[in-house]
Every structure is written in structure tokens, then in C-alpha cells.
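Written out below as C-alpha cells is the structure these notes cover.
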Amino acid sequence: MVSTFSLSSPGVYMEAHFLLLGLELVHLLGAQHAPAVAIPSPECQTKCGEVDIQYPFGIGDRCSLSTGFNASCQEVQRGVYKPFLGNVELLNISLINGTIRELNPISTYCYNSSGLMDRHTWQFDASLSPCRFSDVHNKFTVIGCNTLAYIYDSNGTGYQSGCVSTCQNLTDLADGSCSGLGCCRTAIPKGMGYYAVGFDSGFNTSQIWNFSRCSYAVLMEAEAFNFSTAYISTTKFNDTNTGQAPVVMDWAIRNGTMSLGCEEAKLNKTGTYACFSSSSECVDSRNGPGYLCNCFQGYEGNPYLPDGCHDVDECKNSPCPSGGVCHDTIGGYRCSCRVGLKFSKQNNSCDLDTSLIIGVTLSSAGGILFLAAIVAVLTRRWQRIVQKRLRKLYFRKNKGILLEQLISLDHNASDGTKIFSLNELEKATNNFDQTRVVGRGGHGTVYKGILTDQRVVAIKRSKVKESIEIEQFINEVAILSQINHRNVVKLHGCCLETEVPLLVYEFISNGTLYDLLKCEQNGILLPLSWEERLRIAVEVAGALA
């Protein structure tokens, strides 16, 4: 319902326009006290133009929850239809957010052709409707130079919001900036159901009227506005949407000033509880009295209709991690991972299931220990078998059989020469510990070892790897096994059970050959005497003979 009035004063013409959200007040109050909630007929129109009309809103009295939610579908141009609540154009409806978007007329304060100021202001009364102006989504926006605009209450005695916009010239302004120069914005209080715009006429505009002939004020959706300097010097802002701007309204199930909250509404003493779906819940309105209905988490649809909320198949969006399996459940979903892994909701990943391991361990400790013992024994046995086979393989590869035959057939070989097992030499050298290394050379490393019979030996690990050098190695062992001379290091034997064969010599504790050939006195290396050189030559010749 629209009503207008006009006031005249010297030099000023003022016209105010009223908007009512809904039908006549008498009809609205009658619908709010209806004894029962109406269920829309399947024949009800659910779309007008490009806008979906979702219950509790409806087109026609029998298609909406109450008259306050009753919309009309009007032909605004030939073949073009748009929905209206009362005389306000409806842009869209959101059930989840409990909001609607409408077009709110822009109030203007402009110079006319006579050089006088014309004031066209709007009032919007939604106080008796299910709607309240959203304090979250809207801002009171004022455009102009030397302009003070405000929102006053229904009594005209108090102010709810307002701001001042000033400028001296267009160069002061910047696109996108609305902080007081050419444009200002301010918040509104929560629960506001009545809106009326006023302009203060006390500002001197004589210096700016030639480039800023109009001022504008409107409560509008904050995200829908971006200031342009063209709004000051032209009528571009007012020309958009034929002098209207989108505004967001928070709606709820209300009953005038006696609106119920969820706690009382759920008792349904009057039979008007609106959350019809069995998979819905009641939520108190955050802006004014009343309540809203939401589908349970994991459901979607219309909670104001019987069976209006239905389960969402979240698995369609593949919410589980790679390698996981999604299982749709009533009101949600769950992810599972393969055996041994557990789904981590925090990281959305399949992680090692340590709790499963701990749980099984605690509940079956005896069985697991027994199984572990068997596994350990079998593993150890398997390792021994593998090692034994590997050592036999190396023994054959290193011509061990050939060496055994050479030693057994050669009666000149030393009686102490033997083929040692790898276990014997590992025990003698503490598993070839680096602390047992006594020398390194171009052909190998020498370790000090102690055999089980307490003999101290030097064990040489050769770097020989080529098969042709293995032949030379066997010949070396065969030759050395025949030598028994006091000036030749005695060969006790060898080991052929490794990839790199090992030689076992008697351990010489008198130092290295270098130490014996070089005599140092007072830091000076002294050469050997001719007598010592001749003796060494004679004894070497005797050993080689």
C-alpha cells in the first residue's frame, strides 16, 4: 500500500513517499493471528520471472504462510513479470540465510529549474511485517557535496543513523572512496523496522551547485555499491534501476510484538509452529523477535514443508582424500581407508592407524608376542639359510674348492694353513670393528684379530673383485702356504665366504717395514749401514731360495 503527502515551505518543495511491505495493515494483523499454518497447494506458482518464490513466501494467500509472506507477480512490461511484496519489488529469497533482497527507492535533494531545492524522500515501514532491515548487509549511503542526511524513527523525534558528505570541487574526489568526500556510509542499529530519510537544509550549497546539483540518500546493500565521481556531477546514480537500490531484509516467523522464540514456538500451543520438516530445527532470529527454520546439518531443502529437508549425498563432491572411500550416511558422510590406515578428519588424509596397532597389542598381547617369537625365529632361521647359501656361493665363486684341493695335494704346505669360516673371523675382529684396523694399503685393509685359540693374527681384506684377479689370489695363497721361513710372515689361512676374500697372517708387533728400514735419531732419518743392507739382502735371498 502506498500513500504520499506533500508539504510546501518558502523556496522549498518537499514530497515524502511511504512504502508498506505487505498488504493492508488490517489484513496483515489478521493473518498473523491465524490459528494454524497453511500448507501450499501443489498448484501454487513457484516462480515469477527469474525469481524463485520459496515457501513460506508464496504468490496468493493460500500459497504463503501468512499475508506478510504473500507476494504478487506483476507484468511490468509486455511479457515481463516481476514479483512484489506489497509495492516493493522482490529480487530474491534465501531460506538458508533468512534474507530477501528488494529494491529501495533513492531519496533526492536537488536544485530545480527555478534555482530552488526539491526534496523527494521515502519512508519504508516494515515494522508489522516479518522483515527487518539487515544491520549486517546494509549501509546508509549518502552522496553529495555539503550534504547531511539521516534516518529518523516513526515518531519523527529521534534519529537512528546519519552521516555528512562534503567537497569543494570534483578534484577532491576519488572513485571507490566513500569516507566523507562526496560520499559517506554508516551502519544502522539492529532490529530496525521503520526507515525514513531526511535532509538537513541548513548547509550552504551556493558554491557547489554548478557542478553538484543533487544529493542522494538511501539504505542499500553494502556490497552492491561502489562510489563513482560521476555520481556527483551527473544523475547516473539515481538513473540506475530507475531510482532504486537493492536493500537486504532479514525475515523471520514473527507475530507482531508478541513473536515467539524457539523455546516457546516448539511447544506449538497455537498450532502455528512453522518448522514442518521432521529433519529441521528451530533457530532464534538474530535481528528482531521471531525464529527461523533450518534443515539439519547434512540435509538440504525447505524446512517449512513436510518432508522438505532431504539428505545430501556429500560423496558426489568427492570429499575424501585420495585412496579413501566415501560412504554416504543419513545427514552426513564418512571416509574410510584401507586396512592399517585411519582417516584423519583434521587433515583429511589417510594416516597410519596407530590406535588399531595399540588396541590389538593390548587386547592380544600374549598372542602377538607368541606370533612375534615365531616370526623372529623363522626370520632368523631364514636369514641364516640365506647367509649360508650366500657364503657357499661366494666360496665357489672364490675358487674355494680349488684351494682345498691345492692345499690337500701339496705336502709342502704348512700344517697350520686352513680355510677359516666368516663366523670365526667376525668373532676375532668384533665384526670388523674400525678400532681393529692396523693398516690400509692400495690392495686392502688389515685388521687385528684374536682367534679362539688366543692366537693374534692380522686379517687382510682384499679389494680384489675381478674374476681374473681371483685366480691370482688363489695362486698367492697356494704359494704362501708352502713358505715357512723366519723372515717371511706366516700365512695361517684364508676365508672365501665373502665377496672380497680374506687372508689371515701371523701378527707382527715390531712395527711396519717402513719403521724398520728408516732409523730416526734427533729428528733426522739415518740410512741403514752397508752391513745391515747386505744382511737383509742375504736373508731375503735365503727366503726366496
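Counting with mature numbering (1 follows the signal peptide of the UniProt record, and there is no 0), you get residues -31 to -1, 1 to 514 for the letters of the sequence shown.
Glycine included, each C-beta is placed from N, C-alpha and C at the ideal position.
- Residues of the same chain with a CB within less than 6 Å of the CB of R154, apart from the 5 flanking positions on each side, are K108, T110, C147 in chain order.
- Sequence-distant partners of G369 (beyond 5 residues in either direction) whose C-beta falls short of 7 Å from its own C-beta, in its chain, are I388, L465.
- For A334, the uninterrupted alpha helix (DSSP H) segment begins and ends at 334 to 366.
- In the DSSP assignment, A221 falls outside any beta strand (DSSP E) and carries neither an H nor an E.
- E233: member of the alpha helix (DSSP H) spanning 231 to 234, first to last residue.
- In the structure shown, A156 adopts coil according to DSSP, grouped into three states.
- Residues of the same chain with a CB within less than 7 Å of the CB of G230, apart from the 5 flanking positions on each side, are D253, Y260 in chain order.
- Rounded to whole angstroms, N317 and Q266 show a C-alpha spacing of 19 Å.
- With respect to the C-alpha of I65, the residue from T421, Q23, P74, S41 having the closest C-alpha is Q23.
- Taking a 10 Å sphere around the C-beta of I343, we find fewer than 16 other C-beta atoms and assign the residue as exposed.
- Between V415 and the set L139, L471, S10, the nearest pair of CA atoms involves L471.
- P158 counts as exposed, since fewer than 16 other C-beta atoms from the protein chains shown sit within 10 angstroms of its C-beta.
- Judged by DSSP secondary structure, S175 falls outside any beta strand (DSSP E); it is assigned neither H nor E.
- Between the segment 85 to 101 and the segment 159 to 167, the count of Cβ pairs shorter than 8 Å is three or higher; the stretches touch.
- The residue from C136, D219, R430 with its alpha-carbon nearest to that of L117 is C136.
- DSSP lists T68 as the beta-bridge partner residues of S63.
- For H279, the pairing in a beta bridge is given by DSSP as E269.
- Less than 8 Å divides the Cβ of C114 from the Cβ of S134.
- Secondary structure at T209: helix, using DSSP grouped into helix, strand and coil.
- Secondary structure of Q441 (DSSP, three-state): helix.
- Beta-bridge partners assigned by DSSP to D169: none are found.
- Y50 and E190 have their C-alpha atoms spaced approximately 23 Å apart.
- The C-alpha of L449 lies about 59 Å from the C-alpha of L321.
- Remark: fewer than three beta-carbon pairs, one from each stretch, lie closer than 8 Å, so the segment 33 to 52 and the segment 71 to 89 are not flagged as touching.
- For the pair C100 and I120, the CB atoms are not nearer than the 8 Å cut-off.
- Within the DSSP bridge table, the entry for N73 names A214 as partners.
- Under DSSP, the beta-bridge partners assigned to P52 are C42.
- Excluding five sequence positions before and after K396, none of the CB atoms of its chain fall closer than 6 Å to its own CB.
- Assigned with DSSP and collapsed to three states, I505 falls in helix.
- Apart from the 5 residues on each side of it in sequence, Y302 sits with its Cβ closer than 7 Å to the Cβ of E283, C284, P288, C295, H296 in its chain, given in chain order.
- C-alpha of D208 to C-alpha of A214: approximately 10 Å in a straight line.
- With fewer than 16 neighbouring CB atoms inside 10 Å of its own CB, N286 falls in the exposed class.
- About 5 Å separates the beta carbon of F26 from that of F38, a gap short enough to meet the 8 Å contact definition.
- The Cβ neighbour count for R223, taken over all protein chains shown within 10 Å, is at least 16; the residue is labelled buried.
- By the CB criterion at 8 Å, G160 and N61 fall outside the cutoff.
- In the DSSP assignment, A397 falls outside any beta strand (DSSP E) and within the unbroken alpha helix (DSSP H) covering 391 to 397.
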